[in-house]
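Undergrad: If you want this note's numbering, it's the 1-based position in the sequence shown plus 4. Glycine included, every Cβ here is placed at the ideal spot set by N, Cα and C.
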Amino acid sequence: MTNAVHDIRAQIAGISLENISTIAKQAFAPGSGILPLWFGESDLATAPFIGDAAHAAIRAGHTGYSNQNGIPELRDALCEYHNDLLGTAITPDRITVTNGGMPAIMLAIEMIVEKGDNVVVIDPVWPNIGGIVQIVGGEVRSVRMDDTASGWQLDLGRVAAACDGRTRAIFFASPGNPTGAMIPLSVQRELLEFARARGIWLLADEVYHRLVFGERCGPSILTIAEPEDRVLVINSFSKSWAMTGWRLGWLVHPASVGPTLAMLTQYTSSGTTTFLQHGAIAALRHGEDFVARMNAYCAAGADIVCSAFAAMPRVRMSARPKAAMYVFFEIDGMADSRAACLQILEKTQVGLAPGIFFGKGSERFMRICFARSPTVLADAMERLRPVFG
Ligand SMILES: Cc1ncc(COP(=O)(O)O)c(C=O)c1O
Numbered sequence: 005m006t007n008a009v010h011d012i013r014a015q016i017a018g019i020s021l022e023n024i025s026t027i028a029k030q031a032f033a034p035g036s037g038i039l040p041l042w043f044g045e046s047d048l049a050t051a052p053f054i055g056d057a058a059h060a061a062i063r064a065g066h067t068g069y070s071n072q073n074g075i076p077e078l079r080d081a082l083c084e085y086h087n088d089l090l091g092t093a094i095t096p097d098r099i100t101v102t103n104g105g106m107p108a109i110m111l112a113i114e115m116i117v118e119k120g121d122n123v124v125v126i127d128p129v130w131p132n133i134g135g136i137v138q139i140v141g142g143e144v145r146s147v148r149m150d151d152t153a154s155g156w157q158l159d160l161g162r163v164a165a166a167c168d169g170r171t172r173a174i175f176f177a178s179p180g181n182p183t184g185a186m187i188p189l190s191v192q193r194e195l196l197e198f199a200r201a202r203g204i205w206l207l208a209d210e211v212y213h214r215l216v217f218g219e220r221c222g223p224s225i226l227t228i229a230e231p232e233d234r235v236l237v238i239n240s241f242s243k244s245w246a247m248t249g250w251r252l253g254w255l256v257h258p259a260s261v262g263p264t265l266a267m268l269t270q271y272t273s274s275g276t277t278t279f280l281q282h283g284a285i286a287a288l289r290h291g292e293d294f295v296a297r298m299n300a301y302c303a304a305g306a307d308i309v310c311s312a313f314a315a316m317p318r319v320r321m322s323a324r325p326k327a328a329m330y331v332f333f334e335i336d337g338m339a340d341s342r343a344a345c346l347q348i349l350e351k352t353q354v355g356l357a358p359g360i361f362f363g364k365g366s367e368r369f370m371r372i373c374f375a376r377s378p379t380v381l382a383d384a385m386e387r388l389r390p391v392f393g
């Protein structure tokens with residue numbers, strides 16, 4: 005589906021309008037009995053104490069404009085959160101609150117990428133990253149991780165070879181979407197040294213950082229980077245606190261770019277909803293039990309899907325995911341996963357995301373989200389068994 009509307013910027017007209025949600029909308033009639041496992045979100049609702057804190061903030065009159073980097077109380081809470089979790093010494097001038105992880109990436113790219121610049125993106129990757137780079141007139145250079153028997157591995161030599169004088173940033177998500185793959189701290193350190201030597205920004209997406217199964221968190225570049233390194237860490241309340249609809253995320257950045265991020269925020273959203281930020285403070289200060297529950301919920305979901313897939317001979321998974329909320333897999337004999345996902349939907353009413361959206365080389369793959377109740381996942385596996393078995 006191309007962008008056929010006339011009189012819009014050529015750069016934007018070239019971007020496909022099709023993504024996971026447009027495919028879902030074609031088929032998604034309320035009450036249709038479809039199991040929607042194509043989106044990356046849990047079926048757990050936000051914990052009531054978080055909603056209560058947001059309601060209390062409305063009643064207390066926190067309904068005015070926000071500070072463009074986020075309200076001071078939330079920035080303080082985010083510093084405490086990171087410093088407790090990671091042993092860092094992050095200060096509030098290094099935090100900007102955003103309207104979700106997606107706008108955090110948008111702000112980062114808007115700040116550093118000019119027309120004609122390129123961004124090296126480690127894939128398979130969530131499709132929205134490339135779209136943002138294109139919107140600002142940049143070029144996406146994909147470096148695909150290798151799908152090995154011991155999991156997805158990053159070849160730093162290929163990352164270096166993809167960079168040139170117009171490379172402004174290297175983007176990686178760890179744990180990644182759709183693979184759950186993690187980039188070990190030793191590899192992140194090498195990447196950091198390379199980026200320092202070349203004056204390239206690192207965009208580190210840690211949205212799934214708390215969903216490393218059985219662990220408190222995954223490896224974070226914040227533990228090895230200096231405060232003024234060219235490093236922007238993207239994070240979000242969406243996944244670990246079940247707050248996708250709240251639209252709340254944050255960036256950890258060098259203090260020196262805080263005023264620039266405030267300026268860019270001014271000209272877009274003008275800030276994040278004030279009373280929701282009070283809900284986020286409650287999530288950070290009292291949400292550790294909930295995050296642990298989400299972690300265990302995803303780990304249990306991964307077990308259900310991986311065990312069922314292991315008994316379906318036509319399914320090929322790479323190594324079992326140890327993090328995030330997805331299995332990325334291929335079906336023997338199904339080359340066009342977009343067409344296959346539509347057929348599977350029609351036959352089984354299970355909604356899967358086609359790999360085509362996750363970068364070149366992923367056309368044969370499909371993604372299933374396992375952050376769902378055991379009952380829903382068991383039902384989905386029963387429906388898929390005759391097609392995948
Ligand atoms: C890797 C990655 N980064 C960022 C986001 C965006 O998160 P948010 O819902 O907070 O915008 C997602 C959402 O799926 C994601 O998978």
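For ligand 3, any of its heavy atoms closer than 7 Å to the Cβ of S146?
TA: With respect to small molecules bound, the structure shown includes ligand 1 and not ligand 3.
Undergrad: At the level of alpha carbons, what is the spacing between K326 and T152?
TA: K326 and T152: Cα-Cα distance of roughly 15 Å.
Undergrad: Alpha carbon to alpha carbon, what distance is there between R13 and N299?
TA: The straight-line gap from Cα to Cα measures roughly 42 Å.
Undergrad: In chain order, what residues have a CB nearer than 6 Å to some heavy atom of ligand 1?
TA: Matched residues: G44, G104, G105, M106, W130, A177, N181, D209, V211, S240, S242, T248, G253.
Undergrad: Tell me S146's beta-bridge partners as DSSP assigns them.
TA: S146 is bridged to V125.
Undergrad: Write down the C-beta distance between I308 and M385 rounded to the nearest angstrom, noting that I regard them as a contact closer than 8 Å.
TA: 7 Å between Cβ atoms; contact.
Undergrad: With a cut-off of 8 Å, do at least 3 Cβ pairs link the stretch 226-239 to the stretch 272-288?
TA: Too few Cβ pairs lie closer than 8 Å, so no.
Undergrad: Measure how close the beta-carbons of F333 and F313 come, nearest whole angstrom, since I'm counting them as under 8 Å.
TA: Going by Cβ atoms, the distance from F333 to F313 rounds to 6 Å, so yes, they are a contact pair.
Undergrad: Give the straight-line distance between the Cα atoms of A185 and N132, rounded to the nearest whole angstrom.
TA: So the alpha carbons of these two residues sit roughly 18 Å apart.
Undergrad: Leaving aside the five residues before and after I19 along the sequence, list all residues of the same chain whose C-beta is less than 8 Å from its C-beta, in chain order.
TA: Hits under 8 Å: N7, G135, Q138, I139.
Undergrad: Between the C-alpha atoms of M247 and W254, what's the straight-line distance to the nearest angstrom?
TA: Roughly 13 Å separates the two Cα atoms.
Undergrad: Can you tell me where the beta strand (DSSP E) holding E84 begins and where it ends?
TA: No beta strand (DSSP E) contains E84, which is instead part of the alpha helix (DSSP H) from 76-90.
Undergrad: P317 to F392, Cα distance in whole Å?
TA: The alpha-carbon atoms of P317 and F392 are separated by roughly 7 Å.
Undergrad: When burial is assigned at 16 or more other CB atoms within 10 Å of the CB, is A86 buried or exposed?
TA: Reading off the sequence, residue 86 comes out as His, not Ala. So H86 ends up on the buried side.
Undergrad: Give the secondary structure of A357 by DSSP, where H, G and I count as helix, E and B as strand, and everything else as coil.
TA: Strand at A357.
Undergrad: Can you check the stretch 162-213 for any beta strand (DSSP E) of at least 3 residues that lies completely inside it and give the ranges in chain order?
TA: Runs found: 171-177, 205-209.
Undergrad: In this structure, how does DSSP classify D56 when only helix, strand and coil are distinguished?
TA: Three-state result, D56: helix.
Undergrad: Under three-state DSSP, which class holds S322?
TA: Note: S322 maps to coil in three-state DSSP.
Undergrad: Helix, strand or coil for Y330 per DSSP?
TA: Y330: strand per DSSP, three-state reduction.
Undergrad: Helix, strand or coil for F374, going by three-state DSSP, please let me know.
TA: F374 falls in the coil class under three-state DSSP.
Undergrad: Is it buried or exposed, H257, if we count other Cβ atoms within 10 angstroms and call 16 or more buried?
TA: Buried, by the Cβ-count rule.
Undergrad: So, F176 versus I187, is the Cβ gap smaller than 8 Å?
TA: Taking 8 Å as the Cβ cut-off, F176 and I187 qualify as a contacting pair.
Undergrad: Could you check whether L268 and N73 sit closer than 8 Å to each other, using their CB atoms as the reference points?
TA: Not a contact, by the Cβ cut-off of 8 Å.
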